[in-house]
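Following the UniProt record's numbering, the numbering of the sequence shown begins with 1 at its first residue and continues without gaps. Have a look at the structure below before the remarks.
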Amino acid sequence: MSNTAKAVPDFPSWHQTNPNGVFSDWLKASCADKWHAVTHHVFTDAWGDAALPKANLENYLIQDHRFIDRFVALLAAAVSRAPSLKDRIPGCQFLALVTGEENTYFERSFAALGVSDDARENMPDWPATAAFKQLMKDATDSNRYANMLAVLAVAEGTYLGWADRVNKAIAKRPEDFWYAEWIDLHIGVYFESVVAYLNSQLDQVGPSLSEEDRAECLSYFTRATDLECQFFDTAWGPQE
Numbered sequence: 001m002s003n004t005a006k007a008v009p010d011f012p013s014w015h016q017t018n019p020n021g022v023f024s025d026w027l028k029a030s031c032a033d034k035w036h037a038v039t040h041h042v043f044t045d046a047w048g049d050a051a052l053p054k055a056n057l058e059n060y061l062i063q064d065h066r067f068i069d070r071f072v073a074l075l076a077a078a079v080s081r082a083p084s085l086k087d088r089i090p091g092c093q094f095l096a097l098v099t100g101e102e103n104t105y106f107e108r109s110f111a112a113l114g115v116s117d118d119a120r121e122n123m124p125d126w127p128a129t130a131a132f133k134q135l136m137k138d139a140t141d142s143n144r145y146a147n148m149l150a151v152l153a154v155a156e157g158t159y160l161g162w163a164d165r166v167n168k169a170i171a172k173r174p175e176d177f178w179y180a181e182w183i184d185l186h187i188g189v190y191f192e193s194v195v196a197y198l199n200s201q202l203d204q205v206g207p208s209l210s211e212e213d214r215a216e217c218l219s220y221f222t223r224a225t226d227l228e229c230q231f232f233d234t235a236w237g238p239q240e
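The following block contains the structure:
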């Protein structure tokens, strides 16, 4: 947990001084510095400018694609634990996008960039990749809806944050589809509704959690945010 997280009081006290704030606001406030670091990372600026070195681009895509399997399992588990059909439907619809359009985006990108099956299969996981996959598994295995939502909300909320910012800042849309479509997948009315859905579910279940369960949910949220930052740090760093 970051120093910022330690400085923010527990939700009941925080809510007394932030009466218009909701549970998901408290979670983000608890790791505000790290959240900003993810959504304003130099890697994302380079993405918007279509200016990544070839190795950084290809390795990022290989590593990011490895999240899909565990992410789908986590989202499906969250859907199964949602309190009603109304609460399940948006998650089900998003599952279709991730396993369809998003997964296809990766396959098309690998083919267009000439990324070999050998590279995709044999490149070791980055430490941040392995840790985030494990965090998704741990959230699934915890059998706690709030923990699952916490990780999902970070994964999608930070990507909306950086993609929307970059999309508004760039002077020209990237010509290569692997840059442009990755931004497109994480902006717009539909994706905003996905992030709003995840946050609203947290706002629905979070306030009634016990102190222990609330702390556990917060730990998943802050850990996920930190790992997103580590992932971008590695993606921007020297590549073989």
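Even glycine gets a Cβ: it sits at the ideal position worked out from N, Cα and C. Computed from a predicted model, the values in this text were never measured in an experiment.
The alpha-carbon of arginine 70 is positioned some 12 angstroms away from that of methionine 148. In the structure shown, arginine 165 adopts helical secondary structure according to DSSP, grouped into three states. The Cβ atoms of glycine 91 and leucine 75 sit closer than 8 angstroms to each other. Judged by DSSP in its simplified three-state form, isoleucine 183 adopts helix. When the beta-carbon positions are compared, threonine 234 and tryptophan 126 come within less than 8 angstroms of each other. Between aspartate 118 and aspartate 138, the alpha-carbon positions lie close to 29 angstroms from each other. Taking one beta carbon from each stretch, the stretch 10-22 and the stretch 34-50 have fewer than 3 pairs nearer than 8 angstroms; the two do not touch.
The C-beta distance from serine 30 to threonine 158 rounds to 14 angstroms, too long to meet the 8 angstroms contact threshold. Contact check for phenylalanine 132 against leucine 227 passes: the beta carbons are separated by less than 8 angstroms.
The beta-carbon separation of asparagine 199 and serine 24, rounded to 4 angstroms, stays under the 8 angstroms limit for a contact. In this structure, leucine 160 sits away from alanine 224, with a CB-CB distance that is not shorter than 8 angstroms.
Under the DSSP assignment, isoleucine 62 falls in the alpha helix (DSSP H) whose first and last residues are 54-65. Distance from the CA atom of alanine 55 to the CA atom of arginine 165, rounded to whole angstroms, is 24 angstroms. The shortest CA-to-CA distance from valine 154 to any of Tyr220, Pro174, Ala130, Glu102 is the one to Tyr220.
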